[in-house]
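To keep things clear, I will list the structure first and then write my remarks on it.
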Amino acid sequence: QVEEPDHDEL
Amino acid sequence: MNIFRLVGDLSHLLAIIILLLKIWKTRSCAGISGKSQILFAIVYTSRYLDLPNFVSMYNTLMKIVFIAASYATVYLIYMKFKATYDHNHDTFRVEFLVLPSFVLALLINHDFTVLEVLWTFSIYMESVAILPQLFMVSKTGEAESITSHYLFALGSYRALYILNWIYRYTTEDHYDLIAIVAGIVQTVLYCDFFYLYITKVLKGKKLQLPA
C-alpha cells in the first residue's frame with residue numbers, strides 16, 4: 001500500500 | 011515551516027488582499043483578468059479538498075482564506091462589478107490551460123488516486139493560471155500600479171517557495187519534483203514582468219509594455 005504523500009505545504 | 015515558506019505565504023496572502031481591496035475600493039475590476047481569477051479558484055478548490063485533514067491551525071486557516079478570497083474575487087468581477095469587467099481584453103483561451111493541466115495530472119502524478127490527481131492538477135494549473143492576466147496586460151499595453159503590485163506579490167510567493175524547496179532539500183532531505191518543476195515554470199512566467207516592475211514601477215513610472 002503506497003502511503004498517501006502528505007502535502008503539508010499550501 | 012521555514013522563513014522562505016512563511017514569507018512566501020504572506021506574500022501570497024498580501025497579493026490576494028491587494029486585489030480584493032483594489033476592486034472593492036475603486037469599485038472596478040478594470041485591467042483585471044476574470045479568467046485568471048476563475049483559474050485560481052479552481053486551483054484552491056482542487057488543492058484544498060484535503061481541508062478536513064488537519065495539519066496545523068495555520069494551514070487550515072490559510073486554506074480557508076485562500077478559498078474564500080478567490081471566490082469573493084470572482085464574485086466581485088463577474089457579479090457585483092461586472093459592468094467594469096473588460097471582456098474585450100480578457101480573451102485568453104483558458105481551455106488550452108485547463109485541459110493540458112488535467113491530462114498531465116493524469117499522466118504524471120505521485121499516486122493515481124482522486125485526491126492526488128486533483129492536487130497535481132492544481133499544481134500544474136497554478137503554474138499557468140496567471141497567463142490570462144499577463145496576456146491582458148500585454149494586450150492593454152499597461153497596468154495600473156496597484157495591479158502591478160498585486161502581480162509582484164503573487165509572483166514573489168512562488169519564487170520564495172523555490173527557496174523553501176531548496177532549504178527543505180538541504181535540511182530535511184525532502185523534495186517534491188512535481189511542485190518544484192511547476193513552481194519554476196510559474197516563476198519564470200513572471201520574469202518579464204519582474205524586470206518591468208523593478209525597472210519602471212519602482213521608479214514611479216507606470217507599467218507600460220512595449221506595444
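As given, the protein sequences belong to chains S and F, one line each in that order. First residue of the first sequence? That's 1 in our numbering, and the numbers climb one at a time after it. First residue of the second sequence? That's 11 in our numbering, and the numbers climb one at a time after it. Cβ atoms here follow ideal geometry from the backbone N, Cα and C, with glycine treated the same way.
Grab me the residues of residue i's own chain with a C-beta within less than 8 Å of its C-beta, minus the 5 sequence neighbours each way, in chain order.
i              : result
F204 (chain F) : F162 and G165
Q1 (chain S)   : Caution is warranted here: a pLDDT of 43 is assigned to Q1 (chain S), below 50, making its placement in the model unreliable, and the coordinate value is therefore given only provisionally. No residues qualify anywhere along the chain.
T150 (chain F) : G41, D96 and H99
T197 (chain F) : G165, R168, A169 and I172
L140 (chain F) : The sequence shown places Ile at residue 140 (chain F), not Leu. For I140 (chain F), where only same-chain residues beyond five positions count, the Cβ hits under 8 Å are S46, L161, L164, G165, Q196, L199 and Y200.
K210 (chain F) : K216, L217 and Q218
For residue i, count neighbouring Cβ atoms within 10 angstroms of its own Cβ and tell me buried if that reaches 16, exposed if not.
i              : result
G214 (chain F) : exposed
H97 (chain F)  : exposed
E105 (chain F) : exposed
K45 (chain F)  : buried
K32 (chain F)  : buried
M146 (chain F) : buried
Q47 (chain F)  : buried
T123 (chain F) : exposed
A115 (chain F) : buried
C39 (chain F)  : buried
Between residue i and residue j, how many whole angstroms is the CB-CB distance? I'm expecting something under 8 Å.
i              : j              : result
L10 (chain S)  : N69 (chain F)  : 7 Å
I28 (chain F)  : I190 (chain F) : About 27 Å; that fails the 8 Å criterion.
W129 (chain F) : R178 (chain F) : 18 Å between Cβ atoms; not a contact.
A192 (chain F) : I133 (chain F) : 5 Å
H120 (chain F) : I188 (chain F) : 7 Å
S111 (chain F) : M135 (chain F) : 4 Å
L23 (chain F)  : V84 (chain F)  : L23 (chain F) to V84 (chain F), Cβ: 17 Å. No contact.
F14 (chain F)  : L199 (chain F) : About 20 Å separates the two Cβ atoms, so there is no contact after all.
S158 (chain F) : L217 (chain F) : 5 Å
Skipping 5 residues on each side, what residues in its chain have a beta carbon closer than 6 Å to that of residue i?
i              : result
L107 (chain F) : V138
Y160 (chain F) : A25, I28 and L29
L219 (chain F) : S148 and G151
A51 (chain F)  : S80, Y81 and V84
(message) In chain order, what are the residue ranges of uninterrupted alpha helix (DSSP H) at least 4 long that sit wholly in the segment 109–182 of chain F?
(response) 124–138, 141–150 and 155–182
(message) Give me the subset of the segment 161–186 of chain F whose CB atoms are less than 7 Å from a CB atom of chain S, sorted by chain position.
(response) none
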